[in-house]
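Residue numbers (the working numbering): 8 to 265.
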C-alpha cells in the first residue's frame with residue numbers, strides 16, 4: 008500500500024495547488040490512500056467546512072488538523088458530523104470531533120505536541136489508547152503528530168517504533184531531511200513541510216513576521232503567494248502494516264489566481 012501524506016495546507020495558494028494537482032499526483036505516485044493536514048487552509052487561520060469538502064472532493068481520504076482547529080468561527084459543529092476530518096485526539100474530550108478514524112484499512116491518528124501548544128493530555132498518554140483501539144481493526148496505522156519540538160516528534164516516533172506504520176511530523180512548515188524507516192517498520196519524518204507559498208516566512212508575507220520580531224507589535228499576517236509547492240511524505244507498507252520506505256516529496260505547482 009502506498010500512502011501519501013500532504014503537509015500543512017496554507018491559505019488559498021495551498022488550497023488551489025492541492026485541488027488542481029492532487030488527482031493527477033495520486034495517479035502518478037500510485038497512491039492508495041491520501042491524508043491531508045489542512046489546519047491552516049483558511050488563510051493560515053484554521054479551516055472551514057466548505058474547504059474540508061473541497062479537499063475531500065479533490066482526493067483527500069482523511070483530513071487532519073492541529074492547534075488552529077478552532078481558528079474559524081462556526082467550524083466546531085462540522086466536526087460532530089464527520090469521520091473524515093480529525094481534530095487532535097488529545098484535546099479535551101468535551102470538544103466535538105474525534106482524533107482517530109479508520110477508512111479503507113488505514114487508521115489515522117491526529118495528535119498535538121506539548122511544547123507551546125498545551126494540549127489537554129500528553130500525546131504519549133493518549134496514543135497508547137488509540138493505537139490499541141486501531142490495532143484491533145487494522146495493522147496500518149498512521150500518526151500525524153502536530154508538534155513544535157523536533158525532540159518530541161522524534162521521541163514519539165521511537166516510542167511507537169514497531170507498533171505503527173508511520174509517525175509524520177507537522178506544524179513547523181519546514182520540511183526536514185530525515186525521512187526514514189525505523190527498526191520495526193515505522194516510517195518517520197520530523198516535519199513533512201508545507202503545501203503553499205514558500206517565498207514566505209512559513210507561509211506568510213515576510214514583512215509581517217519581520218515587523219513582529221523588530222517591534223513586538225501584534226501585526227496581522229498575510230498569506231504569501233510565490234513559489235507554491237505541495238510537500239509531504241510518501242510511505243509504502245505491506246499488508247502487515249510495516250513500512251518499507253519513506254520518502255519526502257516536494258512538487259512545484261504554478262499558482263492559479265482565483
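Cβ atoms here follow ideal geometry from the backbone N, Cα and C, with glycine treated the same way.
Item to check | Residue environment, residue 100, which counts as buried when at least 16 other CB atoms sit within 10 Å | outcome: exposed
Checklist entry - Cβ-heavy atom distance between residue 24 and the ligand MN below 6 Å? => result In the structure shown, the ligand MN is absent, as is every other ligand, since no ligand is present at all.
Item to check | Buried versus exposed call for residue 160 [16 or more other C-beta atoms within 10 Å across all chains shown] | outcome: Under this definition residue 160 is a buried residue.
Checklist entry - What does a CB cutoff of less than 6 Å around residue 79 pick up in its chain, not counting 5 residues either side in sequence? => result 49, 53, 55
Item to check | Residue closest to residue 169, alpha-carbon to alpha-carbon, out of 220, 198, 193 | outcome: 193
Checklist entry - Taking the DSSP output, what are the residues bridged to residue 238? => result 257
Next on the checklist: Spatial neighbours of residue 212 within its chain, please: C-beta separation below 6 Å, excluding the five flanking residues on both sides.
Outcome noted: 229, 231
Checklist entry - Taking DSSP as the reference, what is the three-state secondary structure of residue 311? => result Absent from the model: residue 311. The displayed extent of the chain is 8 to 265, so no value can be given.
Next on the checklist: Comparing C-alpha positions only, which one of 210, 243, 235 sits nearest to residue 27?
Outcome noted: 235
Checklist entry - Name the DSSP beta bridge partners of residue 131, please? => result Under DSSP, residue 131 shares a beta bridge with no residue.
Item to check | CA nearest to the CA of residue 259, picked from 117, 245, 237 | outcome: The option with the nearest alpha carbon to residue 259 is 237.
Item to check | Range of the contiguous beta strand (DSSP E) that encloses residue 107 | outcome: 107-110
Item to check | Sequence-distant residues of its chain with Cβ nearer than 7 Å to residue 110 (five each side left out) | outcome: 68, 69
Next on the checklist: Across the stretch 79-99 and the stretch 124-138, are there enough close Cβ pairs to call them in contact, namely three or more that are closer than 8 Å?
Outcome noted: yes
Checklist entry - Thinking C-beta only, is residue 47 closer than 7 Å to residue 71? => result no
Next on the checklist: Considering just the uninterrupted stretch of the alpha helix (DSSP H) at residue 220, what are its terminal residues?
Outcome noted: 214-222
Next on the checklist: Buried or exposed, going by whether 16 or more other CB atoms sit within 10 Å of the CB of residue 15?
Outcome noted: buried
Item to check | Cβ pair residue 250, residue 172 closer than 7 Å | outcome: yes
Item to check | Euclidean distance between Cα positions of residue 265 and residue 22 | outcome: The pLDDT assigned to residue 265 is 49, lower than 50, so where the model puts this residue is not dependable, and the model offers no usable value.
Checklist entry - At what residues does the beta strand (DSSP E) containing residue 176 begin and finish? => result 173-177
Next on the checklist: Looking only at its chain, what residues have a beta carbon closer than 8 Å to the beta carbon of residue 190, apart from the 5 residues adjacent to it on each side?
Outcome noted: So the qualifying residues of the chain are 168, 169.
Checklist entry - Distance, Cα to Cα, residue 38 vs residue 65? => result 14 Å
Next on the checklist: From the DSSP secondary-structure annotation, give me the bridge partner or partners of residue 243.
Outcome noted: 9, 252
Item to check | With 16 other Cβ atoms within 10 Å as the buried cut-off, status of residue 122 | outcome: Per the 10 Å Cβ criterion, exposed.
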